[in-house]
Ligand SMILES: [Zn+2]
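Protein chains in written order, with UniProt numbering: chain A, 1 to 235; chain B, 1 to 348.
Below you can see the structure in the form of structure tokens.
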């Protein structure tokens, strides 16, 4: 079973080729550059290293957000178009779960998050169960202080995994103190091989209806809904 | 001709608010031409919202692909090349098409060709009639107002362009001022049929020695007229205002086009872009060129507005010219036409 896994949902770009759950090739970068320009060449290179032809692929796995709207769309469009045209199944995995997977062997809860500006984050909370992660709190686009206060009340060790950790570390320490744990920085980089591994426990996604999990409305849409709700209330 | 001698191009266009794909045979024959329009969704906002457009494109992309291949009755294996609009347009929207095109090109080991959106609009005409050079193309849309001279395939000389607003943009803005629903261009065209040119608006740059256009002054004049009338509590008939505005736009477009046709002695004049659907413009061109020795081509409505058939038609020439894009092809929201396909050889 040959699997191509793709993540472009944030600054990190990661592409992996797995064969029967063994990692054959993986390209991961953690630089601020254009995913559109670099993704296909990276897939091409990984496939070359693995000496694999696109037609040999059995499955595609993609991180479908949350994250950068444009970034997620590049990965998801590439993945769903390839899967559709090669007639192979696709599995969409949460970008937050993918990040949290680097803390799989932590005893306690694992919180992965991506910065969403103005004090907000996209955050998820997981714990290990039978060599996989289970979500213990709905993924949210949330004010980080609110999210942290809630974790404090749960009174259990929490491992924080995020490529944006530095921006928020002080706040985490302030609210959670000794309850918070931080892994070495390299573990904050999500890897596509983890994505392929997580997919083992997930079911297939319908290709046509697969869209990014934005966890946030487009700004224009949010404003429009607000206005319409007001109008409905007023008259 | 057996199947191997045919050239089949799968074309993708997502530069604005239409998710479109087509299969074009030998550059001129449409095997399928699928357009998923988002217009109903954008109407709520009174214009195209880029982020919403990108979201709709990704919802539609494989659905449109399936339909396009099905209608053409082919599989990916039959395709000779994948073509995609690389620019200009909305960057997030373009990226969906470009990402999909690269995925297809890689997955099926097919050549990839990036196409300029305006080259596509011009080549929509070749789906109707073979080109005869030199030819002049008047490109009028929401984003473009250009006069483009072609002496051979794949070579574009922009001899005139707008210095501010595109014609279609002016239409949309005036329509908004008249409180017409989005998209406003067709609404103004419709109203203008029942109005009289009671306001004499200026024809910007009409007598000047340039093929450039300018529509922002006209737009401002319309707004001022409406504003002043409102202050004096006078009623202005929207029909008359639409007719007056349209008369000015059409007069400038037709006059400049006529002059260019004469100067360059072109054999064909082709109109391209969404505004080519405008009835007022069509009638004025027909009248002006009725006695002239130039063939006037205006594509049918579904080939005037954004579609992928036109991208496939342009790509056929690019394919023969040996143009190939690499897997690092990116969306380019401000791609220039002159640098396209062939270097310009116009004598100045
Ligand atoms: Zn267009």
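Idealized CB from N, CA, C, for every residue including glycine.
Residue i in three-state terms, based on DSSP
{"i": "residue 31(B)", "result": "strand"}
{"i": "residue 345(B)", "result": "With a pLDDT of only 40 at residue 345(B), under the threshold of 50, the placement of this residue in the model should not be trusted; the figure read from the coordinates follows. Residue 345(B): coil per DSSP, three-state reduction."}
{"i": "residue 114(A)", "result": "strand"}
{"i": "residue 137(A)", "result": "strand"}
{"i": "residue 207(A)", "result": "coil"}
{"i": "residue 160(A)", "result": "strand"}
{"i": "residue 197(B)", "result": "coil"}
{"i": "residue 215(A)", "result": "coil"}
{"i": "residue 168(A)", "result": "helix"}
{"i": "residue 179(B)", "result": "coil"}
{"i": "residue 25(B)", "result": "strand"}
{"i": "residue 186(A)", "result": "helix"}
{"i": "residue 173(A)", "result": "helix"}
{"i": "residue 108(A)", "result": "coil"}
{"i": "residue 16(B)", "result": "coil"}
{"i": "residue 236(B)", "result": "coil"}
{"i": "residue 93(B)", "result": "helix"}
{"i": "residue 213(B)", "result": "strand"}
{"i": "residue 100(B)", "result": "helix"}
{"i": "residue 325(B)", "result": "strand"}
{"i": "residue 350(B)", "result": "In the structure displayed, chain B extends from 1 to 348; residue 350(B) sits before or after that span and is not available."}
{"i": "residue 128(B)", "result": "coil"}
Beta carbon of residue i nearer than 9 Å to that of residue j
{"i": "residue 141(B)", "j": "residue 274(B)", "result": "yes"}
{"i": "residue 42(A)", "j": "residue 27(A)", "result": "yes"}
{"i": "residue 134(B)", "j": "residue 48(B)", "result": "no"}
{"i": "residue 66(A)", "j": "residue 216(A)", "result": "yes"}
{"i": "residue 11(B)", "j": "residue 243(B)", "result": "no"}
{"i": "residue 151(A)", "j": "residue 142(A)", "result": "no"}
{"i": "residue 42(B)", "j": "residue 30(B)", "result": "no"}
{"i": "residue 89(B)", "j": "residue 117(B)", "result": "yes"}
{"i": "residue 250(B)", "j": "residue 281(B)", "result": "yes"}
{"i": "residue 70(A)", "j": "residue 217(B)", "result": "no"}
{"i": "residue 214(A)", "j": "residue 44(B)", "result": "no"}
{"i": "residue 306(B)", "j": "residue 38(A)", "result": "no"}
{"i": "residue 138(B)", "j": "residue 257(B)", "result": "yes"}
{"i": "residue 68(A)", "j": "residue 30(A)", "result": "no"}
{"i": "residue 112(A)", "j": "residue 182(A)", "result": "no"}
{"i": "residue 278(B)", "j": "residue 183(B)", "result": "no"}
{"i": "residue 164(A)", "j": "residue 115(A)", "result": "yes"}
{"i": "residue 93(A)", "j": "residue 62(A)", "result": "yes"}
{"i": "residue 35(B)", "j": "residue 302(B)", "result": "yes"}
{"i": "residue 76(A)", "j": "residue 64(A)", "result": "yes"}
Residue i classed as buried or exposed, judged by whether at least 16 other C-beta atoms fall within 10 angstroms
{"i": "residue 119(A)", "result": "exposed"}
{"i": "residue 185(A)", "result": "exposed"}
{"i": "residue 84(A)", "result": "buried"}
{"i": "residue 144(A)", "result": "buried"}
{"i": "residue 40(B)", "result": "exposed"}
{"i": "residue 145(B)", "result": "buried"}
{"i": "residue 123(B)", "result": "buried"}
{"i": "residue 3(B)", "result": "Note that residue 3(B) scores 49 on pLDDT, short of 50, meaning its location in the model is unreliable and no value can be drawn from it."}
{"i": "residue 117(A)", "result": "exposed"}
{"i": "residue 319(B)", "result": "buried"}
{"i": "residue 22(A)", "result": "exposed"}
{"i": "residue 150(B)", "result": "buried"}
{"i": "residue 69(B)", "result": "buried"}
{"i": "residue 190(A)", "result": "buried"}
{"i": "residue 343(B)", "result": "Because the pLDDT at residue 343(B) is just 43, under 50, the model does not fix this residue reliably, and the point stays unresolved."}
{"i": "residue 18(A)", "result": "buried"}
{"i": "residue 5(A)", "result": "buried"}
{"i": "residue 97(B)", "result": "buried"}
{"i": "residue 347(B)", "result": "A caution first: residue 347(B) carries a pLDDT of 35, below 50, which makes its placement in the model unreliable, though a value can still be read off. Result: exposed."}
{"i": "residue 120(B)", "result": "buried"}
{"i": "residue 198(B)", "result": "exposed"}
Residue i - partner residues in DSSP beta bridges
{"i": "residue 120(A)", "result": "143(A)"}
{"i": "residue 268(B)", "result": "135(B), 295(B)"}
{"i": "residue 147(B)", "result": "138(B), 160(B)"}
{"i": "residue 11(B)", "result": "22(B), 83(B)"}
{"i": "residue 131(A)", "result": "According to DSSP, residue 131(A) bridges with nothing at all."}
{"i": "residue 126(A)", "result": "110(A), 135(A)"}
{"i": "residue 114(B)", "result": "84(B)"}
{"i": "residue 181(A)", "result": "159(A)"}
Where residue i meets chain D, residues with beta-carbon distance less than 9 Å
{"i": "residue 165(B)", "result": "Among the chains of the structure shown, chain D does not appear; the protein chains present are A and B."}
- What residue ranges within the stretch 32-82 of chain B form continuous alpha helix (DSSP H) runs of no fewer than 4 residues, ordered along the chain? Scanning the stretch 32-82 of chain B for uninterrupted alpha helix (DSSP H) segments of 4 residues or longer gives 39-43, 50-72, listed from N- to C-terminal end.
- Message: For a minimum of 4 consecutive residues, which ranges assigned as the alpha helix (DSSP H) are wholly contained in the stretch 38-97 of chain A?
- Response: Runs found: 69-86.
- Message: Suppose only complete runs of 3+ residues qualify. What are the beta strand (DSSP E) ranges in the stretch 2-42 of chain A, listed by chain order?
- Response: Within the stretch 2-42 of chain A, complete beta strand (DSSP E) segments of at least 3 residues are found at 2-7, 13-19, 22-29, given in chain order.
- Query: Pick out every residue whose C-beta is nearer than 7 Å to a heavy atom of ligand 3: which are they, in chain order?
  - Reply: Because ligand 3 does not appear in the structure shown, any question about it cannot be addressed here, the ligands present being ligand 1.
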